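In UniProt numbering, the protein residues as written are 1 to 204.
Accompanying notes for the structure given below.
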Amino acid sequence: MLESYLTGLLVCGGIIVAIGAQNAYVLGVAVRREHHWWSAGLCMSTDVLLLAAGMFGVSAVLLSMPSAMEVLRWLGVVFLAWLAAQALYRAAFGRQALASGAASVGSRRKVVLATLAVTLLNPQVYLDTLLLIPAIGAQQQSAATFVAGAVTASILWFSLLAWGGSSLSPWLSRPLAWRAIDGTIGVMMAAIALHLAGGAGLAA
1 MLESYLTGLL
11 VCGGIIVAIG
21 AQNAYVLGVA
31 VRREHHWWSA
41 GLCMSTDVLL
51 LAAGMFGVSA
61 VLLSMPSAME
71 VLRWLGVVFL
81 AWLAAQALYR
91 AAFGRQALAS
101 GAASVGSRRK
111 VVLATLAVTL
121 LNPQVYLDTL
131 LLIPAIGAQQ
141 QSAATFVAGA
151 VTASILWFSL
161 LAWGGSSLSP
171 WLSRPLAWRA
181 IDGTIGVMMA
191 AIALHLAGGA
201 GLAA
C-alpha cells in the first residue's frame, strides 16, 4: 500500500506542477496576497473531487463527449488570453495604473471565480485528473491509497505556492519586481492559450 501511495504522490505531483495556468494564477494572487489561501484551497478541493470522480468512472462518460471537450478548449483559450492581457498590462504600466480599480481588484469573489475558471476551463485538468491519473491508479495494489497519495501531492503543492508566494511578497514589493512577475505570468498564460488553441492541450 505504501508503494501505491508513493506512486500517487509522485505521479500527481509531477502532473500538477506541469499545469502552468493554474499554478501561475495561484502564485500571482499569493505574491499580491489577494485571498491566496482561498485560491489554493479551491484548487485542492477541485483536485480531490475530480480525482475521486475519475476513479469512479466519470472518465468513460467524458470520453463519449468529445464536443464538450472542444467547447472547453476554446473557452479556456479565451479566458487564458484575457488573463495574459491583464498580466501584461500590469507589467507594462505597473501596479499604480490599477489604483483606480483597487476596490474591485483582488476581491474574494473575483479571486474565487477566476480560480474556478482557470481550473475548470482547462481541458488538460480533465485529461489528467479524470483519465491519466485514474488509469495509473487502476493498476495499483490499492486504488484508494493511490488517490490519497495524489491528493496529498495537490495539498502540498498548492500550500507551497500560497505560502511561498506570500512569504516572498515583502521582498518582491518593488515595482520592477512586480512588473517582472506579471510579465512572466502574462507570457506563460499567452503561451498556454496558444498551446490550447493549437489543439495540443487535448493530446492524451
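Glycine included, each C-beta is placed from N, C-alpha and C at the ideal position.
Predicted model, so just to flag it, every value in this text is computed and none were measured.
Distance, Cα to Cα, S39 vs G165?
Their Cα atoms are separated by approximately 12 Å.
Would T46 and T119 qualify as a contact pair, given that the criterion is a beta-carbon distance under 7 Å?
Their beta carbons are under 7 Å apart, which means T46 touches T119 by this criterion.
On the three-state DSSP scale, how would you describe H36?
In the structure shown, H36 sits in a helix (DSSP, three-state: H, G or I).
If you pair each beta-carbon of the segment 189–199 with each one of the segment 47–56, do three or more pairs fall below 8 Å?
Three or more Cβ pairs closer than 8 Å define a contact, and the segment 189–199 falls short of that threshold against the segment 47–56.
Starting from the Cα of S159, find the closest Cα among Y5, N23 and W82 and give me that residue.
Residue N23 is the option with its Cα nearest to S159.
For G28, collect the residues of the same chain with a Cβ closer than 6 Å to its Cβ; drop the 5 residues on either side in sequence, then sort them by chain order.
So the list reads I185, once near-sequence residues are dropped.
Alpha-carbon to alpha-carbon, Q86 and L42:
Cα-Cα distance, rounded: 22 Å.
Is the beta carbon of M1 less than 7 Å from the beta carbon of S154?
For the 7 Å CB-CB criterion, M1 and S154 do not form a contact.
Tell me the rounded alpha-carbon separation between W163 and M44.
Distance between the alpha carbons of W163 and M44 is about 14 Å.
Whose CA, out of L168, L176 and L127, lies closest to the CA of I16?
The shortest C-alpha separation from I16 is found at L127.
Quick one: Cα of S71 to Cα of A180, how far?
In the sequence as displayed, the identity of residue 71 is Val instead of Ser. Looking at the two C-alpha atoms, the distance is approximately 33 Å.
Same chain, Cβ closer than 6 Å to T145, neighbours up to 5 away in sequence not counted
Cβ neighbours of T145 beyond the five flanking positions: M1, S4 and Y5.
Given a threshold of 16 other Cβ atoms within 10 Å of its Cβ, counted over all protein chains shown, does F79 qualify as buried or as exposed?
Buried, by the Cβ-count rule.
Quick check on DSSP: helix, strand or coil for F146?
Secondary structure of F146 (DSSP, three-state): helix.
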